[in-house]
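In my numbering, the protein residues as written are 560 to 921.
We put the beta carbon where it would ideally sit given N, CA and C, even for glycine.
Since the structure is predicted, the reported quantities are computational estimates derived from the model, not experimental observations.
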């Protein structure tokens, strides 16, 4: 948060605050302002709805990697249906929080913040947005600005997939899934093997006529343990004390794992446990497919990159309609793609699960 200094001797009064972004962080910032008696604030949102990551990432299988009880606000409980919420349940949760705290009237949607300019003379910030037919809209002066833009908001698009590609089918990034796109009976390519790719692959394998997964490098996987809560568990979760106990228990587990960075340090005990678990998961899941086991074994230690959490990715790769291609795609044709080995593949749909430009999120 960036706040303007108040001139000496000026009367104390609640500032006018701008929040950029309406995802988890932006919503949390708005609620925190209200709790401190600051009610003159505006939330600027680039998209046509709130939710940030969970508004944009609506691809098949999209869900959280952290447990629902911890991937939520401490000040807003929910009757979660699953151990790990899917995107639609999480989106409904965020919408309910916005309504519960009366934030709708503070929202300015479809507004891309173009500039935030400090006026030394006035001691205030000027914010200019562009929104379709209204470029260069000025929103007056703010005494403080909170950046809540996140860092998973600029999709990484491979050079060959930018602009007019000439490909005759559908091509999309996971963060911009076309409304109504159905993979059933289609020939589908998924480029990437990270968390989003693993989720898309698991769903596409159920319905696609043919699915090819293009892998540059494999990732270590750990099982998620994802499931629906039983009716009895949901009744217990509605008890505030039980809800809080589950939440604190999860926090404790994650904190203990990260003592002295034990989970990420090659000599750490937590890292050793995760390495053994990941290796065992790989070997047990692909016991009858030594060819796949070799292709899916990374040459780096666990946590050297983000570990993928999935119960279903390995199983999906074993399906008869699924093929793992251990090469990158180097170009597109009118009917499909050409891989780095020079082989051509025909597709109806190409899914770019190629991640985000996290280093340049501002």
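The beta carbon of residue 590 sits closer than 6 angstroms to those of 660, all from its chain and outside the five residues before and after it, given in chain order. In this structure, DSSP gives residue 882 an extended state, which the three-state scheme calls strand. The C-beta distance from residue 579 to residue 708 rounds to 6 angstroms, short enough to fall under 8 angstroms. In the DSSP assignment, residue 601 falls within the beta strand (DSSP E) that extends over 600 to 603. At a cut-off of 3 residues, the continuous stretches assigned as beta strand (DSSP E) that sit fully inside the segment 695 to 770 are 703 to 706, 729 to 732, 746 to 750.
Taking C-beta separations shorter than 6 angstroms and ignoring five residues to either side along the sequence, the partners of residue 662 in its chain run 589, following chain order. Beyond the five residues adjoining it in sequence on each side, residue 675 comes within less than 7 angstroms, by CB distance, of 684, 686, 704 in the same chain, given in chain order. Sequence-distant Cβ neighbours of residue 802 in its own chain, meaning closer than 8 angstroms and more than five residues away, are 628, 636, 796. Considered as a whole, the segment 610 to 676 harbours no complete run of any beta strand (DSSP E) with no fewer than 3 residues. C-alpha of residue 586 to C-alpha of residue 767: approximately 37 angstroms in a straight line.
Here residue 618 is buried: its Cβ has 16 or more other Cβ atoms, across all protein chains shown, within 10 Å. With contacts defined by Cβ atoms closer than 8 angstroms, residue 913 and residue 698 do not form a contacting pair. No Cβ-Cβ contact shorter than 8 angstroms links residue 906 with residue 744. Cβ contact annotation for residue 844 (same chain, cutoff 6 angstroms, sequence separation greater than five): 873, in chain order. For residue 905, the three-state secondary structure derived from DSSP is strand. Beta-bridge annotation (DSSP): residue 773 is paired with 750, 884. For residue 680, no beta strand (DSSP E) run applies, since DSSP gives it neither H nor E. The segment 815 to 831 and the segment 782 to 797 do not touch, with fewer than 3 CB-CB distances between them shorter than 8 angstroms. Shown here for residue 640: same chain residues with a beta carbon closer than 8 angstroms to its own, the five before and five after excluded, namely 648, 787, 788, 793 in chain order.
Under the 10 Å beta carbon count, residue 718 is surrounded by fewer than 16 other beta carbons and is classified as exposed.
Between residue 702 and the set 574, 851, 910, 875, the nearest pair of CA atoms involves 574.
It is roughly 20 angstroms from the alpha-carbon of residue 739 to the alpha-carbon of residue 609.
Cβ-Cβ distances below 6 angstroms link residue 581 to 602, 604, 609 in the same chain, with the five nearest sequence neighbours on each side left out; the list follows chain order.
In this structure, residue 747 lies away from residue 888, with their beta-carbon atoms at least 8 angstroms apart. Residue pairing for residue 876: DSSP places it in no beta bridge.
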